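In the numbering used here, the protein residues as written are 631 to 858. C-beta atoms are modelled at their ideal positions from N, C-alpha and C, and glycine is treated no differently. These figures come from a predicted structure and were not determined experimentally. The block underneath contains the structure these notes are about, expressed in structure tokens.
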């Protein structure tokens with residue numbers, strides 16, 4: 631699956647379009663969350679309320695067709711293909727770069743963490759359909775905490791390594807900024823959107839893959855050094 635050039639291009643295009651899909655549909659999920667009991671407090675942030683309140687009125691037909699919990703669960707399902715897309719693209723990028731040294735260890739942390747995050751998102755949203763199962767939510771939440779921590783630290787580490795290696799450009803900076811993004815993005819929209827910098831980092835790399843055959847043209851030159 632990952633060896634074929636055509637398969638890699640398809641994965642690259644998938645990651646690119648899913649990043650944009652997550653940017654748009656993710657805000658519908660955020661608006662749905664703001665209607666739930668747990669999500670109403672998010673509107674206390676002025677930047678969130680500034681766009682969410684008028685958007686809620688404008689998009690009421692998309693948000694009011696069922697109970698707030700059901701609408702929230704339904705829109706939450708959009709995150710799984712976003713997570714899967716950038717995870718697949720990360721595997722492709724890693725294969726094409728043939729990493730060494732610190733970068734090799736960064737990928738060893740990041741890829742399993744991405745896979746675990748996909749499993750958590752699937753469990754949280756795809757195992758529930760008609761009502762919120764708070765027992766399941768609590769269980770998934772406990773599992774998600776260490777997965778989220780490893781994702782944040784691992785992605786930041788990978789971004790820093792790629793910045794030092796040079797040649798990757800914007801995607802490396804998006805990955806390195808994961809930690810501050812976890813603080814800033816929830817002040818504007820919901821926590822789910824904190825994944826968007828990672829999605830766009832691999833979306834951009836995926837677009838490069840879809841347009842180029844050479845690994846160097848996709849992610850910069852392969853560095854043979856065993857150091858960082």
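**Prompt:** How many Å lie between residue 791 and residue 736 at the Cα?
**Reply:** Counting from 1 along the chain shown, the entry for residue 791 is found at position 161. Counting from 1 along the chain shown, the entry for residue 736 is found at position 106. Cα to Cα, the separation comes out at about 8 Å.
**Asked** From this set, 819, 835, 834 and 832, which residue's C-alpha is nearest residue 672's C-alpha?
**Response** Within the chain shown, residue 672 is the residue found at index 42, counting from 1. It is 819.
**Message:** So, at 8 Å on beta carbons, what are the nonlocal neighbours of residue 696 in its own chain, with the 5 sequence-adjacent residues on each side left out?
**Reply:** Taking the first residue of the chain shown as 1, we reach residue 696 at position 66. Around residue 696: 704.
**Request:** With a 10 Å radius around its C-beta and 16 neighbouring C-beta atoms as the bar for buried, classify residue 709 as buried or exposed.
**Result:** Start at 1 with the first residue of the chain shown, and residue 709 comes out as number 79. It is buried - the Cβ of residue 709 has at least 16 other Cβ atoms within 10 Å.
**Message:** Ignoring anything shorter than 4 residues, give me the alpha helix (DSSP H) runs that lie fully in the stretch 653-706, in order along the chain.
**Reply:** Entirely contained in the stretch 653-706, the alpha helix (DSSP H) runs reaching 4 residues are, in chain order, 676-688, 690-693 and 698-706.
**Message:** On the DSSP letters alone, give me the boundaries of the alpha helix (DSSP H) that residue 816 sits inside.
**Reply:** Position 186 of the chain shown holds residue 816. Going by DSSP, residue 816 is part of no alpha helix (DSSP H) at all; its letter is neither H nor E.
**Request:** Quick one: grab the DSSP three-state call for residue 757.
**Result:** As a first step, residue 757 must be located in the chain shown, where it is residue number 127. Residue state, collapsed to three classes: coil.
**Item:** Endpoints, the alpha helix (DSSP H) within which residue 833 is located
**Value:** Here residue 833 corresponds to residue number 203 of the chain shown, with the count starting at 1. For residue 833, the uninterrupted alpha helix (DSSP H) segment begins and ends at 826-841.
**Message:** Does residue 856 pass the burial test, meaning 16 or more other C-beta atoms within 10 Å, or should it be called exposed?
**Reply:** Numbered from 1 along the chain shown, position 226 holds the residue referred to as residue 856. With a pLDDT of 33 at residue 856, under the threshold of 50, the modelled position of this residue cannot be trusted; read the value that follows with caution. Around the Cβ of residue 856, a 10 Å sphere holds fewer than 16 other Cβ atoms; the residue is exposed.
**Request:** Taking 7 Å as the cut-off, decide whether the C-beta atoms of residue 805 and residue 789 are in contact.
**Result:** Position 175 of the chain shown holds residue 805. Position 159 of the chain shown holds residue 789. Taking 7 Å as the cut-off, the beta carbon of residue 805 is found closer than this to the beta carbon of residue 789.
**Request:** Look up residue 807 in the DSSP assignment and say whether it is helix, strand or coil.
**Result:** For the purposes of this step, residue 807 is taken as residue 177 along the chain shown, with counting starting at 1. When secondary structure is reduced to three states using DSSP, residue 807 falls in the coil class, being assigned neither helix nor strand.
**Item:** Close beta carbons around residue 711, own chain, < 8 Å, minus the five adjacent residues each side
**Value:** What you label residue 711 is simply residue 81 of the chain shown in a count that begins at 1. The residues are 648 and 651.
**Message:** By the three-class DSSP mapping on this structure, what secondary structure does residue 801 have?
**Reply:** What you label residue 801 is simply residue 171 of the chain shown in a count that begins at 1. DSSP, read as helix, strand or coil, puts residue 801 in helix.
**Asked** In terms of residues, what are the limits of the alpha helix (DSSP H) holding residue 717?
**Response** Here the question's residue 717 lines up with position 87 in the chain shown. 709-727 is the extent of the alpha helix (DSSP H) around residue 717.
**Request:** Inspect the CB distances between the stretch 755-775 and the stretch 669-686 and report whether three or more fall short of 8 Å.
**Result:** The stretch 755-775 is not in contact with the stretch 669-686.
**Asked** When DSSP labels each residue in this structure, what does residue 845 get in the three-state scheme?
**Response** As a first step, residue 845 is located in the chain shown; it is residue number 215 there, counting from the start. Reliability fails at residue 845, whose pLDDT of 49 lies under 50, so the model's placement of it is uncertain and no value is given.
**Prompt:** With a cut-off of 8 Å, do at least 3 Cβ pairs link the stretch 831-845 to the stretch 654-673?
**Reply:** With a cut-off of 8 Å, the stretch 654-673 and the stretch 831-845 do not count as touching, because too few Cβ pairs lie within range.
**Item:** residue 768, DSSP secondary structure in three states
**Value:** On the chain shown, residue 768 is found 138 positions in, with the first residue counted as 1. Reduced to three states, the DSSP call for residue 768 is helix.
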